[in-house]
Amino acid sequence: MWGPQPPLCQEAPFYKFQEEDYFPEVFNQKDRFNSSRDLVEYVCSFYPHNHPTRQMYYDPICPFPYINKGWKLPLDPNNTAGIQFDDCSMLWSDSSQGYDGICLTYGVIAFFPFILCLWYLKLLNPNRKKPGKRFYIVHNPNVSDKMIFLCMFLSVCSSTLCIDIDGWAGRLNQTLADICMGGSFLTGVGVVVTLVTSWVTIIDGGKSKKTPIWARIAQFIFLFVAFLAEIVGSFMERKIGIAKRFNGDAINGTISGYRYIACVLTFGFYAVICFLYGLKIITKLSSGKKMSSQSKRILKYCVSTTVACLLLSMWRAFPLQFVMESTRIAFPPCEEPGSLALLNAILIFFQYLLVFTIKPSTGGKKKKKVLAGNEALRSTNGESSSEESGDSTSSESSEASEPSGSKVEPS
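Sequential numbering from -9 applies to the sequence shown in my numbering.
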């Protein structure tokens, strides 16, 4: 092993490597280790192996995503004879028997919402199905159209990431993977901003149903900040500080921290706005009477959006205690990957939640159930509404309607 070593840590939280702790020559195995056994011990003798600080206590032994030839999972520290020392010619994915199957399964599940969204576009406006009309080209899209397109974009990003979930096979260019990951979070911000801004318009838009200036400004600022954080930040965190030394294999933890702070502020802000305006909408629609099914739906959307924003804020806030002033580097696997890819599972869950929310429903065997006026998710203009229930029709005052075309009630 090479000379002075950083503090030895085998139990979390692990020591954060500083610049002087890294070996001067990257990926130098001969001067750092004596044998393949030393390599395995260096990578795998830590507990817990998946602690957030583990990536900060690692000086890579091979360029990502390569590892020593003969590295087969699960590793046995007492049987390393098959691992060839100083031979980084094997992909991480080749060390696993189940990784490619996991990628394929997640990819199929992630792409299916895209097909469903195409079907939704055909259902939302029958005029788009006329000869010469392309149902997937929408001029002057309303809120429902925007939500569908956001869901389609999320499905494309998510399914692309699933081609190589953890990057083990080198099937995805790192820049493309960062764009897809950043695009997925940017879509989440777009969905929340679109929903909450439409609810603000319902309450404060007046008779013209014009979005208040402050809401427009907030919408622009937070979408712009989200773009900087998730797209530009994803690129910059690999090019600043110690991270640039490893040619894209490492991530600057401080830049990641700033990205997380932007996410926490964005979702935290809209969680508060969603909660306050959700209460106002319910009060306005209820008007002292028994709450209608429509009011209950809007209440469900408001509560779901608020809870989702709070959970996303907490999820992004949790790593802040670890990532600042650190360099994060992925380390080789020691065990077969589990069937749960957490980040991809969260993206897929959000996809299907969005698909369920925007799903047009049918009211009977012969015709689509049409809402003749109000639907908070679909509009920004004002007029009265009615709801159908069997052979009877009930009316209630509303504040939003579809600008044009027929209206299909989300489930």
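Glycine included, each C-beta is placed from N, C-alpha and C at the ideal position.
To the nearest whole angstrom, what separates the beta carbons of residue i and residue j, a pair I think is in contact under 8 Å?
| i | j | result |
| --- | --- | --- |
| Phe4 | His41 | 7 Å |
| Asp239 | Phe54 | 4 Å |
| Leu407 | Ser134 | What is shown of the chain runs -9 to 401, which leaves residue 407 out entirely. |
| Gln45 | Ile319 | 6 Å |
| Arg306 | Val16 | Not quite, the Cβ-Cβ distance comes to about 30 Å (not below 8 Å), so this is no contact. |
| Ile348 | Cys141 | 7 Å |
| Ile417 | Arg228 | Because the chain spans -9 through 401 in this model, residue 417 falls outside it and cannot be assessed. |
Are residue i and residue j touching if we call contact CB-CB under 8 Å?
| i | j | result |
| --- | --- | --- |
| Leu29 | Ile51 | yes |
| Gly243 | Thr317 | yes |
| Glu315 | Gly88 | no |
| Ser303 | Gly258 | yes |
| Asn58 | Cys78 | yes |
| Thr191 | Lys199 | yes |
| Glu1 | Tyr37 | yes |
| Ile73 | Ser26 | yes |
| Tyr110 | Ile138 | yes |
| Val182 | Cys299 | yes |
| Val186 | Thr295 | yes |
| Ser145 | Phe101 | yes |
| Gly247 | Val293 | no |
Report the rounded CA-to-CA distance for residue i versus residue j, giving the unit in angstroms.
| i | j | result |
| --- | --- | --- |
| Gln164 | Thr273 | 49 Å |
| Glu378 | Lys290 | For Glu378, the predicted model reports a pLDDT of 34, less than 50, meaning its position is unreliable and no value from the coordinates is stated. |
| Ile159 | Leu81 | Note on residue identity: the sequence assigns Ala, not Ile, to residue 159. Near 6 Å, if we compare the C-alpha coordinates of Leu81 and Ala159. |
| Gly231 | Ile271 | 48 Å |
| Ile336 | Phe265 | 23 Å |
| Cys170 | Asn334 | 12 Å |
| Ala261 | Ser83 | 40 Å |
| Phe175 | Asn69 | 42 Å |
| Ile193 | Ala205 | 12 Å |
| Lys62 | Cys324 | 8 Å |
| Cys147 | Phe212 | 21 Å |
| Ala216 | Ile153 | 25 Å |
| Gly195 | Phe143 | 29 Å |
| Leu310 | Asp156 | 22 Å |
| Glu220 | Phe23 | 38 Å |
| Pro322 | Lys112 | 46 Å |
| Phe214 | Leu330 | 32 Å |
| Pro103 | Ile251 | 30 Å |
| Ile207 | Ile263 | 14 Å |
| Asp76 | Ser85 | 16 Å |
| Lys136 | Thr177 | 11 Å |
| Arg287 | Arg161 | 43 Å |
| Leu275 | Ser188 | 15 Å |
| Tyr12 | Val297 | 42 Å |
| Asn237 | His129 | 43 Å |
| Ser149 | Thr201 | 34 Å |
| Asp21 | Pro14 | 11 Å |
| Leu106 | Leu332 | 24 Å |
| Ile203 | Thr184 | 15 Å |
| Leu151 | Leu255 | 26 Å |
Mind checking whether the beta-carbon of residue i lies closer than 7 Å to any heavy atom of the ligand PLP?
| i | result |
| --- | --- |
| Leu269 | Within the structure as shown, the ligand PLP is missing, as the structure has no ligands at all. |
Buried or exposed, going by whether 16 or more other CB atoms sit within 10 Å of the CB of residue i?
| i | result |
| --- | --- |
| Glu10 | exposed |
| Thr95 | exposed |
| Lys48 | What sits at residue 48 in the sequence shown is Tyr, not Lys. Tyr48 should be labelled buried. |
| Gly91 | exposed |
| Pro426 | A query on residue 426 cannot be resolved here, the shown segment of the chain reaching from -9 to 401 and no further. |
| Asn132 | buried |
| Phe486 | Nothing can be reported for residue 486, as the shown portion of the chain is limited to -9 through 401. |
| Phe346 | exposed |
| Leu166 | exposed |
| Leu301 | exposed |
| Arg344 | Rather than Arg, the amino acid found at residue 344 in this sequence is Leu. Buried. |
| Ala233 | buried |
| Gly328 | exposed |
Among all the DSSP beta bridges, which residues are the ones paired with residue i?
| i | result |
| --- | --- |
| Asn242 | Thr317 |
| Pro327 | Note: Pro327 sits in no beta bridge, so no partner. |
| Ile57 | Met80 |
| Glu1 | Tyr37 |
Does the beta carbon of residue i come closer than 8 Å to any beta carbon on chain B?
| i | result |
| --- | --- |
| Ser316 | The structure shown contains no chain B, having only a single protein chain. |
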